[in-house]
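Below is one structure, written out as structure tokens; the observations come after it.
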Amino acid sequence: MDLSNLKAAEGSVHSDNFRRGRGHGSGNGKTAGKGHKGQKARSGAPRPGFEGGQMPLYRRIPKRGFTNRNTLRIVAINVRDLEKFENDEVVTVSSLIDAGIIKNPRDGVKILGKGELTKKLTVKVNAFSEGAKAKIEALGGTCEVV
Numbered sequence: 001m002d003l004s005n006l007k008a009a010e011g012s013v014h015s016d017n018f019r020r021g022r023g024h025g026s027g028n029g030k031t032a033g034k035g036h037k038g039q040k041a042r043s044g045a046p047r048p049g050f051e052g053g054q055m056p057l058y059r060r061i062p063k064r065g066f067t068n069r070n071t072l073r074i075v076a077i078n079v080r081d082l083e084k085f086e087n088d089e090v091v092t093v094s095s096l097i098d099a100g101i102i103k104n105p106r107d108g109v110k111i112l113g114k115g116e117l118t119k120k121l122t123v124k125v126n127a128f129s130e131g132a133k134a135k136i137e138a139l140g141g142t143c144e145v146v
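For the sequence shown, the residue numbers in the working numbering are 1 to 146.
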């Protein structure tokens, strides 16, 4: 017996799609699973997380960090991925999508220098690393920032 074999006891798990309060025969009649009386048995019970006026946990815990609204989500690909293209071909963002190298260009595409390149290419994307630029230009290709 280990954690991957654990299962709920037979009959203890009910699906959530049955109708409550429809008589004794339904197995959930009369109080409809809310017990007897009390605030949680009534309509208008407090929302989840309400602690009776005490400062709730989600407000007691300090906030951490922030999300910068101006962050650009750049898709990075390596020089080795450009091997799919033919010699002397022009590589653009749309040709990268057509070749299946990227799916969604998001806010831009950057070429990084990992891997080897053996073809002369003209690459037109949003950004290049220094290593990628050196490898492309060493073979006689050009790097154009769009």
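We treat Cβ as the ideally placed atom computed from N, Cα and C, and that holds for glycine. Owing to the predicted nature of the structure, the values given are computational and were not obtained by experimental measurement.
Practice task
Assign L72 to buried or exposed, taking buried as 16 or more other Cβ atoms, counted over all protein chains shown, within 10 Å of its Cβ.
Solution key: exposed
Practice task
Would you mind sorting F66 into buried or exposed? The rule is 16 or more other CB atoms within 10 Å of its CB.
Solution key: Its Cβ having fewer than 16 others within 10 Å, F66 is exposed.
Practice task
Would you mind stating whether A76 and L112 have Cβ atoms separated by less than 7 Å?
Solution key: In this structure, L112 lies closer than 7 Å to A76 by Cβ.
Exercise for the section: In the DSSP assignment, find the beta strand (DSSP E) that holds G108 and state where it starts and stops. Expected result: Segment 108 to 112, the beta strand (DSSP E) holding G108.
Practice task
To the nearest angstrom, report how far apart K120 and D81 are at their CA atoms.
Solution key: Using only the alpha carbons, I get a separation of about 14 Å.
Handout entry: Spatial distance of I74 from K135 (CA atoms)
Key = 21 Å
Problem - Extent of the continuous beta strand (DSSP E) to which K84 belongs - result: It is not in any beta strand (DSSP E) - K84 carries neither H nor E in the DSSP assignment.
Problem - C-alpha gap between P48 and N17, whole angstroms - result: 21 Å
Handout entry: Cβ-Cβ distance between A32 and R20 below 7 Å
Key = yes
Handout entry: heavy atom of the ligand ZN below 6 Å from A32 C-beta
Key = The model depicted lacks the ligand ZN and carries no ligand whatsoever.
Exercise for the section: Can you tell me the Cβ-Cβ gap for V109 and L96, rounded? I've got them flagged as a contact below 8 Å. Expected result: 7 Å
Handout entry: Nearest residue (CA-CA) to E86, options F128, V145, L117
Key = L117
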